[in-house]
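Numbering (my numbering), first residue to last: 66 to 378.
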């Protein structure tokens, strides 16, 4: 072997070997993919979980074509994106949860363009246990069977934020969306153009039972119909569970349109409609519902009374 060849062999020994399971910043899933692939555009994976495990923290999984891509547990900063290829997401099996998020305290998770389909078998849709934030956009969550669960359940034990927009949550046995932090979590939640229909619990509900937790939420241009109750907040005392409802509709729910239960629970309405419910309001145990004086409350079977006014600033 000549000196040049010896030098090349020596250099090869010194250079670090490429990792056997290198991860990508952008991965892909396809109905024709395989999880044995590297999840690149030319070699897509078959499931979200397979792609998750081969995607860098902070990376993105892209959907290439319509299909069900299996349940997934997300443990890092990640985006799962379907930008218009057709119906794609998760068909949730019996007793399963579609998407579980157990991410780190600095991890932002984004879901866009997905259908979480329970089909009357799956138990839970999207469950957020930990992470910095969750953004849900252009999604559908439906047909889940968990009576004590929700289509979307946001239940961190540390402070974090939730944003849901252009999303439909429908025909779930439990609530449509439930924000229920534990520990000392302070949660900020925003719902924009969210529709929650025909769920067995609340359309959008804030549940603050952890002593030191707090929730500050806003719903704008949103609709809650055919649920047990439309917009609801409950708290077992201070700090608070506050929900401001703006330009929204609570109609034809089976029990009440808007509710607040226990001290620390507060719902405020502006430019919204409450109609067609057995009761416009469900208020008890120190809960407070307030109005900016520009709402449309009529056509409910009971309690169309005006609520305390808030001065506009």
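All residues carry an ideal CB built from backbone N, CA and C; glycine is no exception. Bear in mind the structure is a predicted one, so any value in this text is a computation, not a measurement.
Problem - DSSP-derived helix/strand/coil call for residue 274 - result: Mapped onto the chain shown, residue 274 falls at position 209. Coil at residue 274, not helix or strand.
Problem - Short Cβ contact (8 angstroms threshold) for residue 305 with residue 269 - result: Taking the first residue of the chain shown as position 1, residue 305 is located at position 240. Taking the first residue of the chain shown as position 1, residue 269 is located at position 204. No, the pair does not count as a contact, with Cβ atoms beyond the cut-off.
Handout entry: Cutoff 6 angstroms; reference residue 352; Cβ partners in own chain excluding five residues on either side
Key = Within the chain shown, the letter at position 287 stands for residue 352. Short of 6 angstroms from the beta carbon of residue 352, and not among the five residues preceding or following it, lie these beta carbons of its own chain, in chain order: 325, 326, 327, 330.
Practice task
Could you tell me whether the Cβ atoms of residue 158 and residue 133 are closer together than 8 angstroms?
Solution key: What you label residue 158 is simply residue 93 of the chain shown in a count that begins at 1. What you label residue 133 is simply residue 68 of the chain shown in a count that begins at 1. Taking 8 angstroms as the Cβ cut-off, residue 158 and residue 133 do not qualify as a contacting pair.
Problem - Residue nearest to residue 92 in terms of C-alpha spacing, selected from 214, 127, 112 - result: Locating residue 92 in the chain shown gives position 27, counting from the first residue. Considering only alpha carbons, the answer is 127.
Practice task
Taking residue 395 and residue 337 to be in contact with their CB atoms under 8 angstroms, please state how far apart those CB atoms are, rounded to whole angstroms.
Solution key: No statement about residue 395 is possible, as the shown extent of the chain runs from 66 to 378 and does not include it.
Problem - Spatial neighbours of residue 224 in its chain, beta-carbon cut-off 6 angstroms, leaving aside the 5 residues before and after - result: Position 159 of the chain shown, counted from the start, is the residue given in the question as residue 224. Contacts found: 250, 251.
Exercise for the section: May I ask which residues mark the beginning and end of the beta strand (DSSP E) holding residue 349? Expected result: The count along the chain shown starts at 1 and reaches residue 349 at position 284. Residue 349 -> beta strand (DSSP E) spans 344 to 349.
Problem - Cβ pair residue 212, residue 184 closer than 8 angstroms - result: Residue mapping note: residue 212 aligns to position 147 of the chain shown, counting from 1. Residue mapping note: residue 184 aligns to position 119 of the chain shown, counting from 1. No, the Cβ-Cβ distance between residue 212 and residue 184 is not below 8 angstroms.
Problem - Alpha carbon of residue 137 to alpha carbon of residue 195, nearest angstrom - result: The sequence position of residue 137 within the chain shown is 72, counting from 1. The sequence position of residue 195 within the chain shown is 130, counting from 1. Their backbone Cα atoms lie some 15 angstroms apart in a straight line.
Handout entry: Runs of beta strand (DSSP E) lying entirely within the region 243 to 296, each at least 3 residues, in chain order
Key = 251 to 262, 267 to 273, 279 to 285, 288 to 290
Handout entry: residue 115: first and last residue of the uninterrupted alpha helix (DSSP H) it sits in
Key = Reading the chain shown from its first residue, position 50 is the one you call residue 115. Residues 113 to 117.
Exercise for the section: Check whether the Cβ of residue 353 lies closer than 8 angstroms to any Cβ atom in chain D. Expected result: Absent from the structure is chain D; it holds one protein chain and no more.
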